[in-house]
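If you read the sequence shown in full-length UniProt numbering, its first letter stands for residue 1, the second for the next number, and so on.
All C-beta atoms, glycine included, are put in the ideal place defined by N, C-alpha and C.
Bear in mind the structure is a predicted one, so any value in this text is a computation, not a measurement.
See below for the structure under consideration.
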Amino acid sequence: MAHSKRNTSLPHFTSYERGLLRSQWGTQRGVIGRDSFLPFASCRLCLHPARAPVVACATNGDIFCRECAINDLLAQRQEIKRLDREREEAKKRLAEDDERTLEEARERELREFELVSMGLEVAKHKSSGQAQNDNHKKRKAEEATEALAAFKAREIEVDGKRKKVFELDEKEMARVAREEQERLKQELKKEKSESSKSALPSFWVPSLTPNTDPNEIAANKAVKSAPVCPGSTDEHRHSYSLKSLVDVHFTEDKTSDGSMARICPSCKKTLTNGLKAMLTKPCGHVICLPCVTKFMTPHDAPDPHATKEEQEKTAALHGLVLCYVCETDITPRSSTDNGKESGKKKKKDKETIKPGLVEISSEGTGFAGRGGNVATKTGVAFQC
1 MAHSKRNTSL PHFTSYERGL LRSQWGTQRG VIGRDSFLPF ASCRLCLHPA
51 RAPVVACATN GDIFCRECAI NDLLAQRQEI KRLDREREEA KKRLAEDDER
101 TLEEAREREL REFELVSMGL EVAKHKSSGQ AQNDNHKKRK AEEATEALAA
151 FKAREIEVDG KRKKVFELDE KEMARVAREE QERLKQELKK EKSESSKSAL
201 PSFWVPSLTP NTDPNEIAAN KAVKSAPVCP GSTDEHRHSY SLKSLVDVHF
251 TEDKTSDGSM ARICPSCKKT LTNGLKAMLT KPCGHVICLP CVTKFMTPHD
301 APDPHATKEE QEKTAALHGL VLCYVCETDI TPRSSTDNGK ESGKKKKKDK
351 ETIKPGLVEI SSEGTGFAGR GGNVATKTGV AFQC
């Protein structure tokens, strides 16, 4: 008879385990209420309304206070430099360990040569196991076969006779020396690992727990090369820099209670999480999405109701996107790089803020239609 709360053999979850899966195990999801959302244009670092002048990430529209953004950039730059120093020190320690291992391998090779010259190699082979002796003989036979094949490949035919050509190739000598050094290092590492093994492999005992080299972990650890935007998520990470920050200029108006509210300069609506706001780059004005669609859509054909003189004046503006506030040209332009530009110019163009429109990121409103109202915590589901 299977006990529902103590079952460990069924291939499926019991009713009790399904209850644990909903309450404790697996991925937990919860609906966030309206009170947990940040108001519109709040700083993603200090969580307060962004103080003027406001700066925003040009790629994703995340709002920060200027002071908070600069402090975060400095802190991330210092952390990147610290991790780079740790990685370089770990690589240096690994190089020192390799040099020490190589020196031990050279000393061992010299010692073995002296033993062979004194006729003590037989005793050494007798003391070692029969399996190790067979492996040694097999490896020697393979090396002799490879050397013979390489030697025959250097023969040439002169007057119907094959003559041997002796060449001293530096690359070949370096390759052979490198392979020999790697073989000796691998043998030393294998002997050290075998000597450190206990007679009873009790890996759960703290003194016998296997460990890894911390220097190797630090040397191979991936280090980010640029600061990561604090407003990015784990699924969509993006970097930002001081040059990519855009100054945001909100249009403000007094409300009925005397406080200042940020509004759209066209329709005078208060900008909230429920109204999508667009940021113009590089001028930094904020306009709601309906007004952008209505007033900032480029037109290729001239206005049929305008006079001929007005049509001639506005002919140069056809197909351009102009800011509603300052009439700055914010038409997105694709890079026309033909491979002839220098590296410095390419880097400079990459760092400059490209004109265009970007949606200012905001959290949800508490309703399902506006999104962003579900928090997820990933966990592991298993049977008890």
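I need the DSSP call for residue i, collapsed to helix, strand or coil.
i, result
"M118", "coil"
"L45", "coil"
"V321", "coil"
"I80", "helix"
"R29", "strand"
"G129", "Only weak support is given to the placement of G129: the predicted model assigns it a pLDDT of 47, under 50, and the question is left unresolved by the model."
"C65", "strand"
"D300", "coil"
"I70", "helix"
"T376", "strand"
"T101", "helix"
"T280", "strand"
"V158", "Because V158 sits at a pLDDT of 49, beneath the cut-off of 50, its placement in the model cannot be relied upon, and the point is left open."
"C326", "coil"
"A306", "coil"
"E359", "strand"
"A52", "coil"
"L10", "coil"
"S15", "helix"
"K124", "Here the model assigns K124 a pLDDT of 45, short of 50, so the residue's position is not dependable and the matter cannot be decided."
Anyone know if the C-beta pair for residue i and residue j falls short of 8 Å?
i, j, result
"K377", "Q28", "yes"
"D62", "C264", "no"
"V321", "G284", "no"
"A41", "F250", "yes"
"C68", "L38", "no"
"H299", "N60", "no"
"G19", "G379", "no"
"K224", "V246", "no"
"A304", "A315", "Per the sequence presented here, residue 304 reads as Pro, with Ala not at that position. Taking 8 Å as the Cβ cut-off, P304 and A315 do not qualify as a contacting pair."
"V31", "V374", "yes"
"N215", "R93", "yes"
"S259", "C291", "no"
"I70", "S244", "no"
Tell me whether residue i is buried or exposed, calling it buried when 16 or more other Cβ atoms sit within 10 Å of its Cβ.
i, result
"T54", "Before going on, a small fix: residue 54 reads as Val here, not Thr. With 16 or more other Cβ atoms within 10 Å, it is buried."
"N220", "exposed"
"D234", "exposed"
"S36", "exposed"
"L242", "exposed"
"F64", "buried"
"C288", "buried"
"I217", "exposed"
"C43", "buried"
"P227", "buried"
"A50", "buried"
"A174", "exposed"
"D72", "buried"
"A90", "buried"
"L10", "exposed"
"K124", "Residue placement at K124 is poorly supported in this model, since its pLDDT is 45, which falls under 50; the coordinates still yield a value, given next. Exposed, because fewer than 16 other Cβ atoms sit within 10 Å of the Cβ of K124."
"D337", "Caution applies to D337, whose pLDDT of 47 falls short of 50 and renders its modelled position unreliable; the model cannot decide the point."
"T262", "The displayed chain sequence assigns Arg, not Thr, to residue 262. Label assigned to R262: buried."
"V286", "buried"
"A75", "exposed"
"A141", "exposed"
"A56", "buried"
"V122", "Unreliable placement is indicated for V122, whose pLDDT of 45 sits below 50; no coordinate value is reported for it."
Chain B beta carbons: is any one of them nearer than 8 Å to that of residue i?
i, result
"I63", "Protein chains in the displayed structure number just one, and chain B is not present."
message: Three or more C-beta pairs under 8 Å: does that hold for the stretch 80 to 89 against the stretch 251 to 262?
response: In short, these stretches do not touch, since the Cβ pair count stays below three.
query: Which runs of the alpha helix (DSSP H) fall wholly inside the stretch 205 to 277 and span at least 4 residues, in chain order?
result: Given a length threshold of 4 residues, each whole run of the alpha helix (DSSP H) inside the stretch 205 to 277 is given here in chain order: 214 to 220.
- prompt: Is the stretch 354 to 368 touching the stretch 13 to 27, taking contact as three or more C-beta pairs under 8 Å?
  reply: Taking a cut-off of 8 Å on C-beta distances, the stretch 354 to 368 does not touch the stretch 13 to 27, as fewer than three cross pairs fall below it.
- request: Flag this pair as touching only if the stretch 351 to 360 and the stretch 277 to 297 have three or more C-beta atom pairs under 8 Å; answer yes or no.
  value: The answer is yes - the stretch 277 to 297 touches the stretch 351 to 360, with three or more Cβ pairs under 8 Å.
task: Assess, as a yes-or-no matter, whether the stretch 100 to 116 is touched by the stretch 182 to 192 under the definition of 3 or more beta carbon pairs within less than 8 Å.
output: With three or more CB-CB distances shorter than 8 Å, the stretch 182 to 192 counts as touching the stretch 100 to 116.
- prompt: On the three-pair Cβ rule with 8 Å, is the stretch 303 to 312 touching the stretch 265 to 273?
  reply: No, the stretch 303 to 312 is not in contact with the stretch 265 to 273.
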